[in-house]
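Data block below; observations after.
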Amino acid sequence: TFEPGELAKTIKVPIIDSDDWNTTLEFKVRLHEPIGCELGRYLFVSRVKVIDNDCFPTNRFAEEINKFGAGNLLANGVPEIDLLIEYCK
1 TFEPGELAKT IKVPIIDSDD WNTTLEFKVR LHEPIGCELG RYLFVSRVKV
51 IDNDCFPTNR FAEEINKFGA GNLLANGVPE IDLLIEYCK
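In this note's numbering, the protein residues as written are 1 to 89.
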């Protein structure tokens, strides 16, 4: 419910954090049945994206990825077999 003169509200969506990499999660928030106000013609729906902050495929090489970049792991001493094992988990 909006109070007189109130222009914005915050909606909190709890997110369960994990150390596993996941694809981007996307959902919509749709406002309906307004009381004492109007909803905009197109502004009653919002798309929300939750982008994972973990490294793909796991966080095992997160430090190296942040330091050298994902495309430079082999050139900086990360064994190819270790990357393959993490990918196959």
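Virtual Cβ for every residue (Gly too), placed ideally from N, Cα, C.
Since this is a predicted model, take the numbers as computed values, not measurements.
With DSSP collapsed to three states, give me the class of residue i.
i: F61; result: coil
i: K67; result: helix
Is the Cβ-Cβ distance between residue i and residue j less than 7 Å?
i: F56; j: W21; result: yes
i: F61; j: C37; result: no
Figure out for me which residue from the options has the closest Cα to the Cα of residue i.
i: R47; options: L25, I81, P4, C37; result: L25
i: D82; options: T58, E6, R30, K49; result: T58
i: P14; options: A8, L7, V50; result: V50
i: S18; options: V78, K12, E63, N53; result: N53
Could you tell me which residues DSSP puts in a beta bridge with residue i?
i: L25; result: V50
i: R30; result: V45
Looking at the C-beta of residue i, does it have a partner C-beta in chain C at a distance below 7 Å?
i: E80; result: Included in the structure is just one protein chain, with no chain C present.
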